[in-house]
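**Student:**
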Amino acid sequence: MTTLKIVKTAHFQKYHERFVPWSLVVETIFTGRQKRKGHDFIEFKGRSIYVFCKQDRARGVLKVINAKRLEK
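In this note's numbering, the protein residues as written are 3 to 74.
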């Protein structure tokens, strides 16, 4: 079984963390719809937010770059 570590990037902490709670980001990664975008980039869409990540397969790390609330 492979484990995956989810981490915040400096960009996420500086620009997005105050608008989207980390618990909602993690929930969206596990329950949202996944769509690959490019080689190592993945985006997730949940009910209320969008999450953009970079996957480092060698280290087993998913780096959260961007998270935004979806407009209704």
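Glycine included, every Cβ here is placed at the ideal spot set by N, Cα and C.
Can you pull the DSSP bridge partners for TYR52?
**Tutor:** In the sequence shown, the residue the question calls residue 52 occupies position 50. Per DSSP, LYS47, LYS70.
**Student:** Look up LEU26 in the DSSP assignment and say whether it is helix, strand or coil.
**Tutor:** Translated into the one-based positions of the sequence shown, residue 26 becomes position 24. Here LEU26 sits in helix by DSSP.
**Student:** Tell me which same chain residues have a C-beta within less than 6 Å of the C-beta of GLY34, skipping the five on either side of it?
**Tutor:** As a first step, residue 34 must be located in the sequence shown, where it is residue number 32. So the qualifying residues of the chain are PHE46, LYS47, GLY48.
**Student:** Put LYS39 into one of helix, strand or coil per three-state DSSP.
**Tutor:** Position 37 of the sequence shown holds residue 39. LYS39: coil per DSSP, three-state reduction.
**Student:** Look at TYR52 and LEU72 and say whether their C-beta atoms are less than 8 Å apart.
**Tutor:** Along the sequence shown, one-based indexing puts residue 52 at 50. Along the sequence shown, one-based indexing puts residue 72 at 70. Result yes, Cβ atoms of TYR52 and LEU72 sit closer than 8 Å.
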